[in-house]
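Trainee:
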Amino acid sequence: MNKKITKFEQEVYEACSRIPLGRVSTYKDIAVYIKRPSSARAVGNALNRNPYAPKVPCHRVVRSDGSLGGFALGSLKKEFLLSHEGLKILKGKIRDFKQSRYSFE
DNA sequence: GTGTTGACCACAG
DNA sequence: GCTGTGGCCAACA
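As structure tokens, then:
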């Protein structure tokens with residue numbers, strides 16, 4: 104049952120699950136949170152594999168410029184889910200992204 | 001051990 | 001505003 108993954112992935116998933124509903128975070132913010140400030144790409148990689156698929160709200164993670172970035176289940180799904188959590192999507196980007204963005208403590 | 005790939009980021013033009 | 005380029009890190013062949 105226990106999937107053998109690296110600590111890096113564990114940190115990524117934990118960070119995702121910390122994002123409250125109605126908020127979003129960025130790959131960069133997660134990277135910083137897990138002490139890998141320059142590995143935003145690796146963060147995206149971990150989510151793409153997503154061994155914790157429905158367990159973690161990975162759709163709340165977007166790119167640094169507020170665009171949705173990618174999504175294993177389809178970018179449309181991501182946009183739909185975010186819209187349903189009270190966020191506004193405008194032309195494939197988060198509206199008021201700066202305000203909706205959540206920072207880990 | 002080496003090279004490629006990827007849900008990225010920042011900068012230059 | 002968009003496109004191209006270099007760089008970063010981890011997983012995979």
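The first sequence: position 95 = 198 (my numbering), numbered continuously. Don't be surprised by glycine CBs; every beta carbon is placed ideally from N, CA and C.
#1: Report buried or exposed for ASP199, applying the criterion of at least 16 other Cβ atoms within 10 angstroms of its Cβ.
#2: Give the straight-line distance between the Cα atoms of PHE183 and PRO154, rounded to the nearest whole angstrom.
#3: Rounded to a whole number of angstroms, what is the C-alpha to C-alpha distance between ALA156 and LYS180?
#4: Whose C-beta lies closer than 7 Å to the C-beta of PRO123 among residues of the same chain, with five residues either side of it excluded?
#5: Could you check how far apart the C-beta atoms of ALA145 and PHE174 are, in whole angstroms? I think they sit under 8 Å.
#6: Identify every residue that forms a DSSP beta bridge with THR129.
Mentor: Quick look at the numbers:
#1: Position 96 of the first sequence, counted from the start, is the residue given in the question as residue 199. Result: exposed.
#2: Working through the first sequence from its first residue, we reach residue 183 at position 80. Working through the first sequence from its first residue, we reach residue 154 at position 51. In a straight line, the C-alpha of PHE183 is about 22 Å away from that of PRO154.
#3: As a first step, residue 156 is located in the first sequence; it is residue number 53 there, counting from the start. As a first step, residue 180 is located in the first sequence; it is residue number 77 there, counting from the start. Each residue's Cα considered, the two are about 14 Å apart.
#4: Mapped onto the first sequence, residue 123 falls at position 20. Closer than 7 Å at the Cβ level, and outside the excluded window around PRO123, lie TYR205.
#5: Start at 1 with the first residue of the first sequence, and residue 145 comes out as number 42. Start at 1 with the first residue of the first sequence, and residue 174 comes out as number 71. ALA145 to PHE174, Cβ: 17 Å. No contact.
#6: On the first sequence, position 26 is the one that residue 129 refers to. DSSP lists VAL165 as partners of THR129.
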